[in-house]
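S.K.: Okay, here's the structure, questions in a sec.
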Amino acid sequence: MPQLSLSWLGLGQAAVSPGLLLLLVGASWLLARVLAWSYSFYETCCRLRCFPQPPKRNWFWGHLGLVSPTEQGLRVLNQMVASYPRMFVVWLGPTFPLITLCHPDMIRMITNASAAIALKDMVFYRFLKPWLGDGLLLSAGDKWNSHRRMLTPAFHFNILKPYVKIFNDSANVMHAKWKHLVSEGRTHLDMFEHISLMTLDSLQKCVFSFDSNCQEKPSEYIAAILELSALVAKRHQQIFLHMDFLYYLTPDGQRFRRACRLVHNFTDAVIQERRRTLPLQGVDDFLEAKAKSKTLDFIDILLLTKVGFSGIWIEETERTLITNFRLET
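In terms of this note's numbering, the sequence shown is numbered consecutively and its last residue is 728.
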């Protein structure tokens, strides 16, 4: 094997093989990365000294597991907020700090800051990306600004006002279920389950104009969403499964992938069907249909923006909806 002279390093006539030299370079690079990370972590710890923190479970787990998704966990969280009413920091494991702001004065600083300053928590949001994609919730910078401009018409007050009837209808279905359960002698209700189903029912109607009757009969789509939410929350508490290649080897990771496929297949089918029929319908027929229903869902707005009709179609639709709403009221 050829030898390389190290005399230029002042080491005399010593020689080393290319393999050993490559190993030396790799070790030096790894050492440099460790030192850079250690210095960065030290700086972070110094900056966090101004934040109070509750007692840790131990040095390795930090505060991980103290606030469980149960009634007892909520009590612990309330106790933390009572002890530190403005803000506090907790550690998710030995290296991940999480700052919790409690007082409105502290929260106002973040909510009033621009998206470039108030960066998103990509430790947790990264777990949502395979499910939600790089959309408005998870994106940042120019991509976030572009998505926000596309959705701006959907948040117009006159577009959102007709949704109140949808919310009321969904709430009425939930109340009817409660009355039926009480009439059967039930004395306890899982409020989280019922309110989650009511919320998802409203979202499907407002986003897709799709009525799944998920509050009254089982729905694979809704079951997949609930499963994804539970799996993401569970993964956040398991520090060793934050790495993707380990998580997807576990049964929970495989369940997460299956649920993602089911949710994506459902939404893709709805979007493709709307994309196929919308251009064939024509402006007049589209406006007439929307005037009768007095609603413009998010999919309509996004597709109209995508095909370049937002300037004409959405403005005309808004005027039609506003006119009809005023006539009704």
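Even glycine gets a Cβ: it sits at the ideal position worked out from N, Cα and C.
Evaluate cysteine 613 with the Cβ neighbour count: other Cβ atoms within 10 Å of its Cβ, from every protein chain shown; 16 or more gives buried, anything less gives exposed.
M.R.: Here residue 613 refers to the residue found at position 214 when the sequence shown is read from its first residue. Buried, because 16 or more other Cβ atoms sit within 10 Å of the Cβ of cysteine 613.
S.K.: Tell me the rounded alpha-carbon separation between methionine 573 and leucine 625.
M.R.: Here residue 573 refers to the residue found at position 174 of the sequence shown. Here residue 625 refers to the residue found at position 226 of the sequence shown. Computed Cα separation, rounded: 17 Å.
S.K.: Assuming leucine 491 and glycine 472 make a contact with CB atoms under 8 Å, what is their CB distance in whole Å?
M.R.: For the purposes of this step, residue 491 is taken as residue 92 along the sequence shown, with counting starting at 1. For the purposes of this step, residue 472 is taken as residue 73 along the sequence shown, with counting starting at 1. That belief does not hold up - the Cβ atoms of leucine 491 and glycine 472 are roughly 14 Å apart, past 8 Å.
S.K.: Can you name the start and end residues of the beta strand (DSSP E) that leucine 500 belongs to?
M.R.: Locating residue 500 in the sequence shown gives position 101, where the first residue counts as 1. Start and end: 496–500.
S.K.: Apart from the five residues on each side of it in sequence, which residues of its chain come closer than 8 Å, Cβ to Cβ, to threonine 494?
M.R.: Position 95 of the sequence shown holds residue 494. For threonine 494, where only same-chain residues beyond five positions count, the Cβ hits under 8 Å are Phe440.
S.K.: Determine contact between the segment 590–603 and the segment 630–645, defined as no fewer than three beta-carbon pairs at a distance below 8 Å.
M.R.: The segment 590–603, when compared against the segment 630–645, does not touch it at the 8 Å Cβ threshold.
S.K.: Write down the C-beta distance between isoleucine 698 and valine 606 rounded to the nearest angstrom, noting that I regard them as a contact closer than 8 Å.
M.R.: Numbered from 1 along the sequence shown, position 299 holds the residue referred to as residue 698. Numbered from 1 along the sequence shown, position 207 holds the residue referred to as residue 606. That belief holds up - the Cβ atoms of isoleucine 698 and valine 606 are roughly 6 Å apart, short of 8 Å.
S.K.: May I ask which residues mark the beginning and end of the beta strand (DSSP E) holding valine 489?
M.R.: Position 90 of the sequence shown, counted from the start, is the residue given in the question as residue 489. Where valine 489 is concerned, the enclosing beta strand (DSSP E) stretches over 486–490.
S.K.: Cα separation between glycine 418 and leucine 434?
M.R.: Taking the first residue of the sequence shown as 1, we reach residue 418 at position 19. Taking the first residue of the sequence shown as 1, we reach residue 434 at position 35. Straight-line Cα distance between these residues: approximately 24 Å.
S.K.: If you draw a straight line from the C-alpha of serine 545 to the C-alpha of leucine 535, how long is it?
M.R.: Indexing the sequence shown from 1 puts residue 545 at position 146. Indexing the sequence shown from 1 puts residue 535 at position 136. Looking at the two C-alpha atoms, the distance is approximately 9 Å.
S.K.: Report the residue from Pro451, Arg660, Leu463 and Lys455 whose alpha carbon sits nearest the alpha carbon of serine 482.
M.R.: Translated into the one-based positions of the sequence shown, residue 482 becomes position 83. Nearest C-alpha to serine 482: Pro451.
S.K.: Glutamate 615 to valine 581, Cα distance in whole Å?
M.R.: What you label residue 615 is simply residue 216 of the sequence shown in a count that begins at 1. What you label residue 581 is simply residue 182 of the sequence shown in a count that begins at 1. Looking at the two C-alpha atoms, the distance is approximately 16 Å.
S.K.: Looking at the unbroken alpha helix (DSSP H) that takes in threonine 510, where does it start and where does it end?
M.R.: What you label residue 510 is simply residue 111 of the sequence shown in a count that begins at 1. Its alpha helix (DSSP H) spans residues 503–510.
S.K.: Per DSSP, which residues does asparagine 457 bridge with? Please list them.
M.R.: Looking up residue 457 in the sequence shown gives position 58. Paired residue(s): Gly461.
S.K.: State the CB to CB distance for the pair serine 611 and serine 618, rounded to an integer number of angstroms; the pair is presumed to be in contact (CB under 8 Å).
M.R.: Sequence index remark: in the sequence shown, residue 611 carries index 212 (1-based). Sequence index remark: in the sequence shown, residue 618 carries index 219 (1-based). About 5 Å; that satisfies the 8 Å criterion.
S.K.: Hey, how far is the Cα of leucine 447 from the Cα of aspartate 504?
M.R.: Mapped onto the sequence shown, residue 447 falls at position 48. Mapped onto the sequence shown, residue 504 falls at position 105. Spanning the two alpha carbons is a distance of roughly 19 Å.
S.K.: With a CB to CB cut of under 7 Å and the five nearest residues on each side skipped, what residues in its chain are close to glycine 464?
M.R.: Sequence index remark: in the sequence shown, residue 464 carries index 65 (1-based). Only Arg456 and Gln636 meet the Cβ criterion.
S.K.: Who are the Cβ neighbours of threonine 443 in its own chain at under 8 Å, not counting the five residues just before and after it?
M.R.: The count along the sequence shown starts at 1 and reaches residue 443 at position 44. So the list reads Pro496, once near-sequence residues are dropped.
S.K.: In the DSSP assignment, the alpha helix (DSSP H) including glutamine 603 goes from what residue to what residue?
M.R.: Reading the sequence shown from its first residue, position 204 is the one you call residue 603. Run containing glutamine 603: 590–606, per the alpha helix (DSSP H) assignment.
S.K.: CB-CB under 7 Å to phenylalanine 523, same chain, minus the five flanking residues each way: which ones, in chain order?
M.R.: Taking the first residue of the sequence shown as position 1, residue 523 is located at position 124. Excluding positions up to five away in sequence, the list reads His635.
S.K.: Under a three-way DSSP split, which group does glutamate 714 fall into?
M.R.: Sequence index remark: in the sequence shown, residue 714 carries index 315 (1-based). Caution is warranted here: a pLDDT of 45 is assigned to glutamate 714, below 50, making its placement in the model unreliable, and the coordinate value is therefore given only provisionally. Looking at glutamate 714 - three-state DSSP - the assignment turns out to be helix.
S.K.: With DSSP run on the structure shown, which of helix, strand or coil describes histidine 635?
M.R.: Translated into positions along the sequence shown, residue 635 becomes position 236. If DSSP states are grouped into helix, strand and coil, histidine 635 belongs with the helices.
S.K.: Whole angstroms are fine: how far does the CA of threonine 469 sit from the CA of tryptophan 577?
M.R.: The count along the sequence shown starts at 1 and reaches residue 577 at position 178. The count along the sequence shown starts at 1 and reaches residue 469 at position 70. Going from the Cα of tryptophan 577 to the Cα of threonine 469 covers about 23 Å.
S.K.: Looking at lysine 519: is its Cβ nearer than 8 Å to the Cβ of alanine 539?
M.R.: Sequence index remark: in the sequence shown, residue 519 carries index 120 (1-based). Sequence index remark: in the sequence shown, residue 539 carries index 140 (1-based). A contact, by the Cβ cut-off of 8 Å.
S.K.: Assign aspartate 667 to one of three DSSP states: helix, strand, or coil.
M.R.: Here residue 667 refers to the residue found at position 268 of the sequence shown. DSSP places aspartate 667 in helix when its eight states are reduced to three.
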